[in-house]
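In this text, residue positions in the sequence shown follow the working numbering: the first is 48, and each later residue adds one.
The beta carbon of each residue, even a glycine, is placed where N, CA and C say it ideally should be.
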Amino acid sequence: MNRGAIAWDDAGNIRFARLGWQERLLTSDRQPLNILQVNSGYVQAGVARYTPAWGANYQTLTDNEVIVVVRGDRVVNQYQAAAAQSQQFPIPRDGYLLVIRSRGASPQVLAPGTTLSLETQLTPAEFTDFPHIVGAGPLLVQNRQIVLNPRTEGFSTAFERQAAPRSIIGRRADGTLVLAAFHGNGESRGPTLAQTAQMLQSLGFTEALNLDGGSSTSLFLGDDLIDRDKSTAARVHNGIGLYLSPSSLPGTN
Numbered sequence: 048m049n050r051g052a053i054a055w056d057d058a059g060n061i062r063f064a065r066l067g068w069q070e071r072l073l074t075s076d077r078q079p080l081n082i083l084q085v086n087s088g089y090v091q092a093g094v095a096r097y098t099p100a101w102g103a104n105y106q107t108l109t110d111n112e113v114i115v116v117v118r119g120d121r122v123v124n125q126y127q128a129a130a131a132q133s134q135q136f137p138i139p140r141d142g143y144l145l146v147i148r149s150r151g152a153s154p155q156v157l158a159p160g161t162t163l164s165l166e167t168q169l170t171p172a173e174f175t176d177f178p179h180i181v182g183a184g185p186l187l188v189q190n191r192q193i194v195l196n197p198r199t200e201g202f203s204t205a206f207e208r209q210a211a212p213r214s215i216i217g218r219r220a221d222g223t224l225v226l227a228a229f230h231g232n233g234e235s236r237g238p239t240l241a242q243t244a245q246m247l248q249s250l251g252f253t254e255a256l257n258l259d260g261g262s263s264t265s266l267f268l269g270d271d272l273i274d275r276d277k278s279t280a281a282r283v284h285n286g287i288g289l290y291l292s293p294s295s296l297p298g299t300n
C-alpha cells in the first residue's frame, strides 16, 4: 500500500521507509491473481492472504467470504463462509489461506488441486534483506525532514485532519530508538498527524513513524499499561516490543 514501515534485523540495523509490497499468484494454467493484503485486518474487496504469522486460525471479517486452503503449492480445500465473525478456519503451518471478498476473484480459478506459484516484490528493494517488518503509517519524519503525506499512503482526508491519541516509533540523531504515546490535555483528544510530526522534529528525531491512533494507542512498561486505563484500550493485531538482552542487565558480563 506504499505505507510507512519499520524494518530491522538481529544485528540492530533499522530502516524507516514507505513500503510497497506486491504479491501475485500464478495458477497452473498461468492465470495471474493479485493479492491485495497479507495478514491484514484492513478489509477491502479482493483477495487477501493469511499465513501462520497471523495466528493459528483466521476468523471471517466480512460476510460471505470464500476461504481457500493452500498447503505447499497446492489448493486442498475451498469453503463458502457465512456471516462475519461467525466462523474460524485453521491456517495450515505448511501453507496459508486465501480469502476472497466481495467477488474479488472467481472461486473456480482456485479449485482444489490447482497448483500455485507465489511472486513477491518489495519496494524499496533493500527491505528484502530484513527479516522483521511492521507496516503502519503515515511516515512522519525521514532524514530529519517532515515527510508526512497521508494521501500518498492511501489515508483519507478525515484521518489526516483528525485529532487523536498517537503511538509512534522513531530514532534520534544519536541512534536512540524511542517508543512514545501522545494524548490530549483535556482540551483536545490529542495531536493531529501534522502536529505529531512537528513535535518529533523539534525533539530531534531523524526518523519517525506513526503506528496507530485512538483506542489502540497503548504503551506498556513491563506488564503495566502506563498511558491509559485498561478499560479504554482496544485489542490490536500487531505490536512492537523492546526487550533487554540478558548480557545488558546489571551484574552480567
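Taking a 10 Å sphere around the C-beta of residue 278, we find fewer than 16 other C-beta atoms and assign the residue as exposed. Runs of the beta strand (DSSP E) lying entirely within the region 232 to 284 and spanning at least 3 residues, in chain order: 252 to 260.
In terms of Cα proximity to residue 234, the closest of 119, 93, 212, 249 is 212. Excluding five sequence positions before and after residue 165, the CB atoms of its chain that fall closer than 7 angstroms to its own CB belong to 70, 72, given in chain order. In this chain, the alpha helix (DSSP H) harbouring residue 205 covers 204 to 208.
Boundaries of the beta strand (DSSP E) around residue 148: 142 to 148.
Residue 128 is positioned such that its CB atom lies no closer than 7 angstroms to that of residue 161. Residues of the same chain with a CB within less than 6 angstroms of the CB of residue 263, apart from the 5 flanking positions on each side, are 281, 283 in chain order. Residue 179 is bridged by DSSP to 55. Two segments are said to touch when three or more pairs of C-beta atoms, one from each, lie closer than 8 angstroms; by this definition the region 145 to 157 touches the region 82 to 100.
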